[in-house]
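Numbering (my numbering), first residue to last: 8 to 294.
From the three backbone atoms N, C-alpha and C, an ideal C-beta is built for every residue, glycine too.
Computed from a predicted structure; not experimentally measured.
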Ligand SMILES: Nc1ncnc2c1ncn2[C@@H]1O[C@H](COP(=O)(O)OP(=O)(O)OP(=O)(O)O)[C@@H](O)[C@H]1O
Ligand SMILES: [Mg+2]
């Protein structure tokens, strides 16, 4: 990995002696844009908070940092202020809903490539504090396969690759897996299939990705879950009020709650599973 990647690794998963509390760092990427990363991250944060997890969301989308906006807030400070030493991590964290905090990315992220020693120290000291504040750090990344996206994904303990069933999204999800494999051998990869209309779609998509990843990349991927296409998701984005808060009974959010359970290792069935999906469920539960 290059220097920027190792800096990011230090930033997001610094495990200083004495500050270690096993905060999990989970990054979400997709390859193709617009497949639902931000919607998923925001609602996964809410679903994890319902399970009493303390969650911080790092907005790692440089181009269109908008996690705070989806939560209906506007962040005052970004990680830029942390790097410059102007602010401490507690000042930058933007409290949104249900105890969830957003660490706004913005353009300050570009500076990670060239941190001087003072800035680096500042970041590490601050992130040591982050470890005590959260159980999970969820990272929303931007679209594409740029360095920053790959660095965030490689710097994380776990990577969730999200795709829709559409062939271009699937092709780009595979492209992302390929790029990740090129950067790092050891990867903990999970797949989420978003915007499905029927369970069989999730099954077919996952098996395609799993097969290609194994055959051509020698990579093992696991299915974390799937989410139904739900018009209420689009409505919640328009209204800047997350689905999990506006419509916790909605189909999409029910499945995100199920996925949150899978993230925490809970042993549960999908909200409504048919017999044909048993093989997939087995594939989830055995991991
Ligand atoms: N399960 C779903 N059902 C219906 N619509 C969805 C679903 N998931 C996401 N969407 C819609 O897809 C659009 C794109 O979602 P989102 O912004 O979360 O994608 P993204 O991957 O973060 O995009 P970008 O790559 O631009 O950051 C939004 O309008 C959102 O409402
Ligand atoms: Mg997004």
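{"Item": "The region 182-194 contacting the region 55-70, beta-carbon criterion three pairs below 8 Å", "Value": "no"}
{"Item": "At least three beta-carbon pairs within less than 8 Å, the region 270-280 to the region 244-251", "Value": "no"}
{"Item": "CA-to-CA distance, residue 261 to residue 217, given in whole angstroms", "Value": "25 Å"}
{"Item": "Any 3 or more C-beta pairs closer than 8 Å across the region 162-182 and the region 96-111", "Value": "no"}
{"Item": "Cβ separation of residue 43 and residue 201, assumed to be a contact under 8 Å, to the nearest whole Å", "Value": "4 Å"}
{"Item": "Alpha carbon of residue 276 to alpha carbon of residue 210, nearest angstrom", "Value": "15 Å"}
{"Item": "Range of the contiguous alpha helix (DSSP H) that encloses residue 179", "Value": "174-190"}
{"Item": "Buried or exposed by the 16-neighbour rule on C-beta atoms within 10 Å, applied to residue 2", "Value": "Residue 2 lies beyond the residue range present for the chain, which begins at 8 and ends at 294; the question has no answer from this structure."}
{"Item": "Burial state of residue 29 (16 or more Cβ within 10 Å)", "Value": "exposed"}
{"Item": "Option nearest residue 111 by Cα separation, candidates 166, 36, 78", "Value": "78"}
{"Item": "For residue 67, the three-state DSSP class (helix, strand or coil)", "Value": "strand"}
{"Item": "Top-ranked residue by Cα proximity to residue 56, from 188, 142, 238", "Value": "142"}
{"Item": "Close beta carbons around residue 186, own chain, < 8 Å, minus the five adjacent residues each side", "Value": "152, 157"}
{"Item": "Status (buried if at least 16 other CB within 10 Å, exposed otherwise) for residue 24", "Value": "Note that residue 24 scores a pLDDT of 36, beneath 50, so its modelled location is shaky; the value from the coordinates is reported in the next line. Exposed, because fewer than 16 other Cβ atoms sit within 10 Å of the Cβ of residue 24."}
{"Item": "Assumed close pair residue 167, residue 197 - CB separation to whole angstroms, cut-off 8 Å", "Value": "5 Å"}
{"Item": "heavy atom of ligand 1 below 6 Å from residue 153 C-beta", "Value": "no"}
{"Item": "Cβ pair residue 36, residue 145 closer than 7 Å", "Value": "no"}
{"Item": "Burial state of residue 213, where buried means 16 or more other Cβ atoms lie within 10 Å", "Value": "buried"}
{"Item": "Run of the beta strand (DSSP E) containing residue 202, from where it starts to where it stops", "Value": "196-203"}
{"Item": "Residue 44: CB within 6 Å of a non-hydrogen atom of ligand 2", "Value": "yes"}
{"Item": "Whole-angstrom distance between residue 149 and residue 94, CA atom to CA atom", "Value": "25 Å"}
{"Item": "Under the three-state DSSP convention, the category residue 165 falls into", "Value": "strand"}
{"Item": "Segment limits, beta strand (DSSP E) that includes residue 230", "Value": "229-235"}
{"Item": "Nearest neighbour of residue 76, chosen from 88, 59, 109 [CA to CA]", "Value": "109"}
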